[in-house]
Amino acid sequence: MDKIKIVGGNRLNGTIPISGAKNAALPLMIASLLSAETLTLENVPRLRDVALLQRILSNHGVNYTLVGKRPGEDHLTGQTIHFNAGEITDLVAPYELVSQMRASFWVIGPLLARFGEAKVSLPGGCAIGTRPVDFFISGLRQLGARIEIEAGYVLAKAPEGGLVGGRVTFPKVSVGATHTIMMAATLARGETIIENAAREPEVTDLANCLKAMGARIEGAGTDTIRVTGVERLHAATHRVLPDRIETGTYAMAVAMTGGDVTLEGTSATLLQAALDVLRQTGVDVSETATGIRIRSSGGDLKAVDVTTEPFPGFPTDLQAQFMALMTRSTGVSHIRETIFENRFMHVAELARLGARIALDGDLATVEGVAQLTGAPVMATDLRASVSLVIAGLVASGETHVSRVYHLDRGFERLEEKLSRCGADIERISGEGMR
Ligand code: UD1
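Shown next as structure tokens:
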């Protein structure tokens, strides 16, 4: 298995191109199931999760074709992919595939809406909490679906004539359940109102794509979304929005190492809360015409307290990276995780690098230390693993991060993007390790 080797101590200087958002690309690809006509997605990142979802969709019968590079495009430019779900052959999403990525469960919405039934395995995905699917089930029932759970599968059937609009009120904000109900409602008869909807930019991006396909949706980006069902959706082209988590991750890496980096092709509006926190730590954050510039002296970092919240609050997907940053602050930082109950697996690994972190339920107390020391560490989930990379960038000596397949799920060409800015980081293939 591959490892990443980092020799800490270098500042980051230069430009990092930000890829299309993984968390937008996945629901957008799934939206292709809603129409018999082609959905063309631009700026799709080259990630393991995207490749896996391509396999899952093709298992249902979706054809996808990659458009070759156009003039001016290079290997850092996102891909353009055509998805055509004109001939769906299978309404079953099997355990072997769904268990590898939780988001693939979301196919249940479009399949049920367009074909009247679906059989989808209960999901797996990152081990960061129990992550049940109760909101999906109650939401789809509100649209008239009959749902049973049998042998690890969710069996869903629409009433005669298809799903019907209804009122869906989520007890807690859920990104995936909002995506799924919004997609299902586009083809339901009548109006659906989604209350306590997720307001994440990826929900708005999906709504914009669905509207380009002919859906009638209002209020995406607020906590109440109204969808009026239409008979069918049609072909469209949509560009995946920039990845705010990748943006925030590199911003924190620069804050950690010191230096001056412009994050290109992204927008501050996607992660205002995280950028505000970075400013409070003493880092200079400014907007440019095409991105965000992060400047840091590499000197003292102030300790700042953070609580993760649904958008527009501080994202749970940046919690581990921020914790890595706070291991080098000059004080004590309190980090509360309110979205997932088991999202502190990076704590034990950061401790191996010399971090001082105490855990008490959903609260981590991080006492800054003057120096981290390189060590072998293990990636445990997608965002946790990149926090170890950030810590490794300032640790003295060598840090080896193993199980990097977690990183490949969500970060495109991480080593290349960082090493172009001066980091001493390289991937060592499994062969080379022996
Ligand atoms: C998405 C993101 C993930 C991010 C998370 C929260 C993608 C592909 N993944 O995950 O990166 O960390 O949002 O911003 O976009 N819940 C229930 N019942 C349900 C559904 C959810 O109790 O039926 C709970 C979850 O256990 C969790 C909370 O709701 O505690 C939020 O989860 P949710 O927003 O659904 O996360 P995902 O959509 O899976």
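Numbers in the numbering used here are just positions in the sequence shown, counted from 1, shifted up by 8.
We put the CB at the ideal spot given by N, CA and C, even for glycine.
Among the options, nearest to residue i - alpha-carbon criterion
| i | options | result |
| --- | --- | --- |
| Tyr258 | Glu295, Ala244, Phe330 and Val312 | Phe330 |
| Arg247 | Glu210, Ala223, Ala193 and Thr236 | Glu210 |
| Pro318 | Gly418, Ala223 and Glu208 | Glu208 |
| Ile300 | Thr255, Thr315 and Ile436 | Thr255 |
| Ile116 | Lys127, Ser107 and Met109 | Lys127 |
| Asp370 | Gln327, Leu396, Leu358 and Leu380 | Gln327 |
| Val2 | Thr245, Leu99, Thr289 and Met386 | Examination of residue 2 is not possible in this model, given that the chain is present from 9 through 442 alone. |
| Leu271 | Thr212, Glu295 and Ser437 | Glu295 |
| Val402 | Glu375, Val291, Ala431 and Lys425 | Ala431 |
| Thr177 | Thr212, Leu65 and Ile233 | Ile233 |
| Ala244 | Leu36, Gly418 and Ala363 | Leu36 |
| Pro320 | Gly290, Ala276 and Gly306 | Ala276 |
| Val181 | Asn204, Ala166 and Thr188 | Asn204 |
| Arg336 | Leu120, Asn350, Thr381 and Phe322 | Thr381 |
| Val374 | Ala359, Thr388, Pro384 and Val15 | Ala359 |
| Asp389 | Arg351, Thr188 and Glu406 | Arg351 |
| Lys77 | Leu278, Gly69, His68 and Ile89 | Ile89 |
| Arg417 | Gly306, Val172, Leu61 and Gly438 | Leu61 |
| Ser43 | His342, Val394, Gly222 and Asp308 | Gly222 |
| Ser341 | Leu286, Ile24 and Val394 | Leu286 |
| Ile398 | Ala33, Val172 and Ile433 | Ile433 |
| Val172 | Arg197, Thr188 and Arg391 | Arg197 |
| Val31 | Asp57, Phe143, Thr48 and Asn21 | Just to set this straight, residue 31 is Asn in the shown sequence, not Val. Measuring from the Cα of Asn31, the nearest candidate turns out to be Asp57. |
| Ala59 | Thr46, Leu47 and Leu74 | Leu74 |
| Arg252 | Gly306, Ser410, Lys310 and Pro25 | Pro25 |
| Ser27 | Arg411, Thr274, Ala311 and Ala297 | Thr274 |
Residue i in three-state terms, based on DSSP
| i | result |
| --- | --- |
| Val312 | coil |
| Pro53 | coil |
| Ile436 | strand |
| Ala126 | strand |
| His187 | helix |
| Leu148 | helix |
| Lys77 | coil |
| Phe457 | Given a span of 9 to 442 for the chain in the structure shown, any question on residue 457 remains unanswerable. |
| Ile64 | helix |
| Arg428 | coil |
| Thr277 | helix |
| Val162 | strand |
| Tyr72 | strand |
| Phe113 | helix |
| Pro140 | coil |
| Arg442 | Because Arg442 carries a pLDDT of 41, less than 50, the predicted location of this residue cannot be relied on, and the following value inherits that uncertainty. Residue state, collapsed to three classes: coil. |
| Gly133 | Any reading at Gly133 must be qualified, since the residue scores a pLDDT of 47, below 50, and its modelled position is unreliable; the value itself is stated next. In the structure shown, Gly133 sits in coil (DSSP, three-state: anything other than H, G, I, E or B). |
| Asp284 | helix |
| Leu422 | helix |
| Leu271 | strand |
| Val58 | helix |
| Leu171 | coil |
| Thr296 | coil |
| Thr194 | coil |
| Thr230 | strand |
Continuous alpha helix (DSSP H) stretch holding residue i: start and end
| i | result |
| --- | --- |
| Lys30 | Lys30 to Ala39 |
| Pro517 | With the chain covering 9 to 442 only, the question about residue 517 has no answer from this structure. |
| Ala328 | Gln327 to Met334 |
Where the beta strand (DSSP E) containing residue i begins and where it ends
| i | result |
| --- | --- |
| Ala244 | Ala244 to Arg247 |
| Val262 | That residue, Val262, is in no beta strand (DSSP E); its alpha helix (DSSP H) goes Arg252 to Thr265. |
| Val291 | From DSSP, Val291 is part of no beta strand (DSSP E); its letter is neither H nor E. |
| Val15 | Lys11 to Val15 |
| Glu104 | Glu104 -> not in any beta strand (DSSP E); alpha helix (DSSP H) instead, spanning Tyr103 to Val106. |
| Glu45 | Taken as a continuous stretch (DSSP letters only), Glu45 belongs to no beta strand (DSSP E), as it is neither H nor E. |
| Arg224 | Arg224 to Glu226 |
| Gly299 | Gly299 to Ser304 |
| Gly22 | Leu20 to Pro25 |
| Glu317 | Careful: Glu317 lies outside any beta strand (DSSP E) and carries neither H nor E. |
| Gly176 | As written in the sequence, residue 176 is Val, which differs from the Gly given in the question. First-last of the beta strand (DSSP E) with Val176: Arg175 to Thr177. |
| Glu239 | Element bounds for Glu239: n/a, residue is neither H nor E. |
| Ile96 | Per DSSP, Ile96 belongs to no beta strand (DSSP E) and is neither H nor E. |
| Thr443 | The structure shown does not extend to residue 443, since the chain is modelled only from 9 to 442, so the question has no answer here. |
Interface flag, residue i vs chain D, CB-CB below 9 Å
| i | result |
| --- | --- |
| Val238 | Of the protein chains in this structure there is only one, and it is not chain D. |
Inset, instruction - Let me know the beta strand (DSSP E) ranges lying completely inside the region 337–419, each 3 residues or longer, listed in chain order. - result: 340–344, 364–368, 371–375, 384–386 and 406–410
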